[in-house]
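Asker:
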Amino acid sequence: MEVKRLLYSTEDGICTVIINNPDTLNALNSQIINELDYLFDKIAQDEKILVVIITGAGRSFVAGADISEMADMDQNEGELFGKRGAYLFRKIETLSKPVIAAVNGFALGGGCELAMACDIRIASQKAKFGQPEVSLGITPGFSGTVRLPKLVGSSMAKEMIFTGKIIDSYEALRIGLVNSIIEPQDLMVKALEMAKMIASNAPVAIRYSKESINYAVDNETESASQLETELFAKCFSTQDQKEGMKAFLEKRKAQFENR
Ligand code: COA
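In terms of this note's numbering, the sequence shown opens at residue 2 and continues consecutively.
(1) If we count the other Cβ atoms within 10 Å of its Cβ and call it buried at 16 or more, is residue 263 buried or exposed?
(2) Provide the residue span of the beta strand (DSSP E) that contains residue 131, from first to last.
(3) On the three-state DSSP scale, how would you describe residue 115?
(4) Can you check which of these residues, 54, 130, 102, is closest to residue 167 by C-alpha distance?
(5) So, residue 144 versus residue 85, is the Cβ gap smaller than 9 Å?
(6) DSSP state of residue 175, grouped into three classes?
(7) What span of residues does the alpha helix (DSSP H) with residue 82 cover, start to end?
(8) Pairs of beta-carbons, one from the segment 152–159 and one from the segment 199–210, closer than 8 Å: are there three or more?
(9) Taking the straight line between their C-alpha atoms, what separation do you get for residue 5 and residue 36?
(10) Which two residues bound the contiguous alpha helix (DSSP H) that contains residue 55?
(11) Output yes or no for whether 9 Å exceeds the beta carbon distance between residue 192 and residue 128.
(12) Return yes when at least one heavy atom of the ligand COA lies under 8 Å from the C-beta of residue 130, else no.
(13) With DSSP as the reference, label residue 26 as helix, strand or coil.
(14) Apart from the five residues just before and just after residue 49, which ones in its own chain have a Cβ nearer than 8 Å to its Cβ?
(15) Got a sec? Which residues, its chain only, sit under 7 Å from residue 182 by beta carbon, not counting five neighbours each side?
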């Protein structure tokens, strides 16, 4: 597939993906959704990639799903479009590697939903968040009603979704929608710093931790604890566990090999 609207490169195990359609503030049209779907499949298969950073080109992260594309959709087309977005975002959420959203600007509608499908959100001071769909006569369609209440609580999610208001990064931090706020010029530096820190740890242990946390968010404590025990136990069959603990005891830095 020819990828036209994304820029991506990998260095030291960190893949940076830039959504690059600044003329429409990186609005998600079918083409960008397809390209992201294709790219995240490639990322999943690439053993050299340990961490992903996703950001937007220009003054926007993603200003929502493409309104010009949605304007004439009927119910069936709406369903198909919603399914494609939801499927892509679930793929990102369940990717076997951490994904950091470096939110550089507008994260509205599908943009806020994309950020929420990532594992960690760091925001530029200039970032803006919101789910303004009801002002267009639709509900959030890429799992915003599902993930937002899990992150900020149902009451705050309802306030954001019912009013459609746009909040700044400080408010997003206050309500727990983002992990931290960074000066705009330092956003990618900080995202890379965090990605490098993650990439220096044991990849299998990170993969299992992500799986366990994702499961725990959606399930009750008993089965979640059981899964954690299973995954914890599986770590002891990995080379990285042997190396990690040996290195600690030998007072040196561990060299993990993702196996
Ligand atoms: N879909 C399609 N095009 C979009 C878009 C979207 N979600 N968001 C922005 N654009 C386009 C605008 O139509 C405009 O195109 P034009 O230059 O051809 O007129 C271009 O991006 C720049 O946007 P503009 O509105 O001129 O910038 P602004 O700084 O005045 O406002 C926003 C920025 C983000 C507040 C405003 O663009 C906006 O409200 N966008 C829609 C957000 C939204 O409702 N998202 C949820 C969709 S479900």
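Note that CB positions come from ideal geometry on N, CA and C, so glycine has one too.
No experiment lies behind these values; they were computed from the predicted model shown.
Answerer: Let me lay it out:
(1) No information on residue 263 is available, as it lies outside the stretch 2 to 260 that the chain covers here.
(2) Position 130 of the sequence shown, counted from the start, is the residue given in the question as residue 131. Segment 129–131, the beta strand (DSSP E) holding residue 131.
(3) Looking up residue 115 in the sequence shown gives position 114. Under the three-state reduction of DSSP, residue 115 is assigned to helix.
(4) Position 166 of the sequence shown, counted from the start, is the residue given in the question as residue 167. Ranking the options by Cα distance to residue 167, first place goes to 130.
(5) For the purposes of this step, residue 144 is taken as the residue at position 143 of the sequence shown. For the purposes of this step, residue 85 is taken as the residue at position 84 of the sequence shown. Taking 9 Å as the Cβ cut-off, residue 144 and residue 85 do not qualify as a contacting pair.
(6) Against the sequence shown, residue 175 aligns to sequence position 174. DSSP places residue 175 within a helical segment (H, G or I) once states are collapsed to three.
(7) In the sequence shown, residue 82 corresponds to position 81, counting from 1. Taken as a continuous stretch (DSSP letters only), the alpha helix (DSSP H) holding residue 82 covers 76–94.
(8) no
(9) Counting from one through the sequence shown, the residue named residue 5 turns up at place 4. Counting from one through the sequence shown, the residue named residue 36 turns up at place 35. In a straight line, the C-alpha of residue 5 is about 8 Å away from that of residue 36.
(10) Residue numbering aside, residue 55 sits at position 54 when the sequence shown is read from its first letter. Residue 55 -> not in any alpha helix (DSSP H); beta strand (DSSP E) instead, spanning 52–57.
(11) Walking along the sequence shown from the start, residue 192 turns up at place 191. Walking along the sequence shown from the start, residue 128 turns up at place 127. Cβ atoms of residue 192 and residue 128: not closer than 9 Å.
(12) For the purposes of this step, residue 130 is identified with residue 129 of the sequence shown, where counting begins at 1. No - the ligand COA has no heavy atom lying nearer than 8 Å to the Cβ of residue 130.
(13) Reading the sequence shown from its first residue, position 25 is the one you call residue 26. Looking at residue 26 - three-state DSSP - the assignment turns out to be coil, as it is neither helix nor strand.
(14) In the sequence shown, residue 49 corresponds to position 48, counting from 1. Around residue 49: 11, 14.
(15) The count along the sequence shown starts at 1 and reaches residue 182 at position 181. Result list for residue 182: 124, 126, 170, 171, 174, in chain order.
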